[in-house]
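Chemist: Chains as they are written, first to last, in the working numbering: chain A, 9 to 340; chain B, 9 to 442. For each residue, glycine too, the CB sits at the ideal point set by N, CA and C. Predicted model only: the values in this text are computed from it and were never measured.
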């Protein structure tokens with residue numbers, strides 16, 4: 009601590025909140041993975057009793073397909089009642105603050121809020137002001153913790169000799185994960201770069217300077233910047249592609265054709281540099297831009313497994329958030 | 009006005025290189041006597057303060073505060089803001105013009121300075137340099153000066169246009185007062201809510217670079233050079249809340265060249281870094297933002313070597329509901345009047361070894377000189393009886409809820425302080441007592 013006075017202010021958050029992957033210890037990550045596996049194996053009728061009658065609010069200030077649907081289906085599969093509030097069809101449009109929206113949901117009986125928000129840090133505000141467990145479903149450019157957890161699970165399921173039902177500091181030992189694309193604006197990249205090294209993986213970030221500033225190295229010791237995508241691929245067991253938003257390139261000194269030439273994951277590049285690598289993409293993907301269609305659909309692709317793992321991981325996170333007595337018992 | 013006797017104190021008066029035991033007599037709002045202990049024993053005073061073990065110093069002067077009146081009295085009023093000033097040992101504060109409406113007219117300035125506002129300590133103001141602080145048309149400098157303006161600023165907004173800034177520096181130079189600049193090239197800071205760097209990257213927030221601060225200062229220094237050459241005037245540029253090593257280097261060089269540049273540093277910039285934002289604590293959000301450790305060290309070095317002329321708080325109250333928001337939406341600014349002395353003594357005196365004389369100069373004598381306040385910032389006989397009495401060894405923790413300010417937006421809630429104000433005397437009146 010270099011400051012003269014005091015550590016940053018510590019706020020209290022409800023148990024079961026997941027605001028950043030940094031909140032989780034490795035044993036907690038392990039418990040989440042174990043619960044995920046256990047829930048998948050559990051007969052449906054039994055699962056549907058775990059959160060029977062509990063109320064979960066989904067508060068979405070941004071559009072979402074995968075995350076919203078998987079959280080919603082996860083909640084329902086556990087027997088919970090869900091309600092969806094989006095910025096487009098609520099009092100948020102009338103200027104109601106995040107705090108007041110949260111307090112309203114709490115007063116209506118919500119026991120947990122799943123928040124997607126365009127502003128980095130918004131889930132912290134909501135968790136502080138409501139005292140409810142809050143699950144961060146993506147906040148601005150900051151984090152997407154459930155995505156990183158489902159990505160870790162996907163790797164553990166697909167990489168040889170790994171156990172997806174637990175986590176240790178060596179779960180991904182010896183594995184190198186390349187994350188490529190618009191790192192600067194990506195909450196998925198941040199959560200993965202913070203999580204995977206704690207499970208033993210090496211994370212290589214690859215992309216041009218405007219999308220990947222040197223300050224990214226501040227994410228931690230297990231993170232390295234390798235601007236040459238081909239060189240990064242040659243070291244990789246896993247390659248994770250991120251979406252390129254054309255509108256974001258507009259303001260930057262970046263040529264789309266040049267970007268595709270240097271950073272697109274296509275069949276030729278994959279075959280030459282990392283033929284056995286696991287190919288991942290958090291979606292939504294733009295085929296033909298950051299990733300070629302044949303690679304997305306190819307044998308190395310784990311993209312659909314990522315989506316289904318989203319459902320499983322989010323079920324475990326909901327159980328953890330509502331800590332209904334079920335979380336501990338199903339982890340045993 | 010009744011007499012006040014302050015006995016047995018350690019009198020530190022940087023303006024007169026005095027640091028010794030003295031008794032002080034305040035009469036008719038002036039320092040009437042400052043003599044060896046015991047020599048004023050026989051005087052009958054309405055109030056006698058035993059200052060044994062305490063420091064007696066010229067009242068602190070803050071050239072940069074936001075009192076929010078008129079227009080935003082839910083955040084602060086002149087009465088509450090100056091009460092906080094008194095509690096912090098300040099006897100003079102200079103109000104910034106970004107009120108609603110902007111303080112850009114003689115009528116507005118007179119309203120602000122009127123006795124009806126019930127200022128607890130001496131209130132001065134720097135009106136806007138341009139109408140509505142829109143950066144386009146200069147306000148009436150001469151008329152505002154006559155009405156009491158100590159300088160001109162569009163604080164919160166930089167004066168970006170070269171021609172307007174040049175015009176402002178010339179007009180202020182003719183009146184012998186400074187233009188006070190909030191140095192931020194806003195072309196580089198759109199959408200930014202904190203300092204650029206690894207912390208901003210990790211938090212996913214857009215960051216302001218150090219160049220956004222230094223570029224405006226470098227531009228302003230070029231204007232000073234041109235004006236000195238072509239107009240044979242000596243304009244005075246005062247740079248507000250300097251927060252980066254790069255800006256300080258530019259100021260250091262300008263001073264070396266003999267240009268009339270002064271600058272202030274804020275306690276939060278010499279105490280905290282951007283790590284203090286933690287979990288998006290909006291009470292650690294201000295502009296300029298908390299910087300990296302190397303910049304904090306540069307501010308400390310500037311305070312020690314004289315590049316930084318004075319300490320100013322940039323006291324910027326905001327209501328709780330405004331700070332309980334998403335980090336990017338929350339307004340910039342923190343309160344500062346009641347924590348400035350306690351931080352300066354802890355960080356600069358105990359931490360950096362700066363003498364009490366040096367710190368009191370930075371907080372009183374020097375800021376009074378920057379805005380040419382006659383009779384303030386000194387305890388010489390005949391000076392205005394603005395006095396702070398404090399215990400330099402008192403260790404305590406600041407509690408935001410006990411603040412006199414209407415707003416409690418501070419990152420220093422619960423933070424350790426060194427040195428506690430025992431009493432504050434404004435023009436001979438005791439306005440605060442612990």
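(1) In three-state terms, what does DSSP make of residue 12(B)?
(2) Please classify residue 272(A) as buried or exposed, where buried requires at least 16 other C-beta atoms within 10 Å of its C-beta.
(3) Do you know offhand how far residue 209(A)'s Cα is from residue 246(A)'s?
(4) Using a threshold of 8 Å, state whether the C-beta atoms of residue 2(A) and residue 43(A) are closer than that.
(5) Provide the residue span of the beta strand (DSSP E) that contains residue 66(B), from first to last.
(6) Residue 189(B) bridges to which residues according to DSSP?
(7) Report the option in 153(A), 184(A) and 149(A) whose CA atom is closest to the CA atom of residue 163(A).
(8) On a CA-only basis, which of 311(A), 223(A) and 203(A) is nearest residue 210(B)? Give me that one, please.
(9) Compute the distance between the beta-carbons of residue 398(B) and residue 349(B), then report whether it is under 8 Å.
(10) Which residues, in chain order, does the segment 403-430 of chain B contribute to contact with chain A at a C-beta distance below 9 Å?
(11) Is residue 133(B) helix, strand or coil when you go by DSSP?
(12) Should residue 296(B) be flagged as near chain A, meaning a C-beta pair shorter than 8 Å?
(13) I want to verify the contact list: residues of chain A whose CB lies under 9 Å from the CB of residue 398(B), in sequence order.
(14) Suppose you measure from the CA of residue 444(B) to the CA of residue 292(A); what does that come to, to the nearest Å?
(15) Do you know whose CA, among 138(B), 426(B), 100(B) and 141(B), lies nearest residue 121(B)'s CA?
(16) What is the rounded straight-line gap between the Cα of residue 192(B) and the Cα of residue 202(B)?
(17) List the residues of chain B that residue 149(A) touches, going by C-beta distances under 7 Å, in chain order.
(18) In or out: residue 432(B) buried (at least 16 other Cβ within 10 Å) or exposed?
(19) Helix, strand or coil, according to DSSP, for residue 323(B) in the structure here?
(20) To the nearest angstrom, report how far apart residue 11(A) and residue 304(B) are at their CA atoms.
(21) Residues of chain B with CB under 7 Å from residue 70(A), in chain order?
(22) Using CA coordinates, which residue listed in 165(B), 200(B), 196(B) and 152(B) is at the minimum distance from residue 185(B)?
(23) May I ask you to report which of helix, strand or coil DSSP gives residue 210(A)?
(24) Taking Cβ positions only, does residue 409(A) come closer than 8 Å to chain B?
(25) In angstroms with no decimal places, state the Cα-to-Cα distance between residue 128(A) and residue 333(B).
(26) Would you kindly work out how many angstroms separate the C-alpha atoms of residue 15(A) and residue 284(B), rounded to a whole number?
(27) Contact between the segment 225-238 of chain B and the segment 156-164 of chain B: three or more CB pairs below 8 Å?
(28) Say whether chain B places a C-beta atom closer than 8 Å to the C-beta of residue 198(A).
(29) Mind checking which residues open and close the alpha helix (DSSP H) that includes residue 34(A)?
(30) For residue 355(B), name the three-state secondary structure that DSSP assigns.
(31) Does chain B have any CB closer than 8 Å to the CB of residue 205(A)?
(32) Quick check on this structure: which residue in 22(A), 239(A) and 203(A) has the alpha carbon closest to the alpha carbon of residue 214(A)?
(33) Select from the segment 276-292 of chain B all residues with a C-beta closer than 9 Å to any C-beta belonging to chain A, and list them in chain order.
(34) Per the DSSP calculation, residue 215(B) is bridged to which residue(s)?
(35) On the three-state DSSP scale, how would you describe residue 425(B)?
(36) Could you tell me if residue 168(A) is buried or exposed, where buried requires 16 or more neighbouring beta carbons within 10 angstroms of its beta carbon?
Modeler: Straight from the coordinates:
(1) Look at residue 12(B) here: in three-state DSSP terms it is strand.
(2) buried
(3) 10 Å
(4) This structure cannot settle anything about residue 2(A), because the visible part of chain A is limited to 9 through 340.
(5) 63-66
(6) DSSP lists 247(B) as partners of residue 189(B).
(7) 184(A)
(8) 223(A)
(9) yes
(10) 419, 420, 421, 422, 423 and 424
(11) Looking at residue 133(B) - three-state DSSP - the assignment turns out to be strand.
(12) No, no contact with chain A.
(13) Neighbours of residue 398(B) across chain A, judged by C-beta separation under 9 Å, do not exist; the nearest C-beta is about 19 Å away.
(14) The structure shown does not extend to residue 444(B), since chain B is modelled only from 9 to 442, so the question has no answer here.
(15) 100(B)
(16) Each residue's alpha carbon lies about 13 Å from the other.
(17) 212
(18) buried
(19) Secondary structure of residue 323(B) (DSSP, three-state): strand.
(20) With a pLDDT of 47 at residue 11(A), under the threshold of 50, the modelled position of this residue cannot be trusted, and the question is left open.
(21) Neighbours of residue 70(A) on chain B: none; closest Cβ ~13 Å, over 7 Å.
(22) 152(B)
(23) strand
(24) An answer regarding residue 409(A) cannot be provided, because it is not within the stretch 9 to 340 covered by chain A.
(25) 11 Å
(26) 7 Å
(27) no
(28) yes
(29) 34-49
(30) helix
(31) Taking Cβ atoms only, chain B never reaches closer than 8 Å to residue 205(A), which makes this a no.
(32) 239(A)
(33) 278, 279, 280, 281, 283, 284, 285, 286, 287, 288, 289, 290, 291 and 292
(34) 202(B)
(35) strand
(36) With fewer than 16 other Cβ atoms inside 10 Å of its own Cβ, residue 168(A) counts as exposed.
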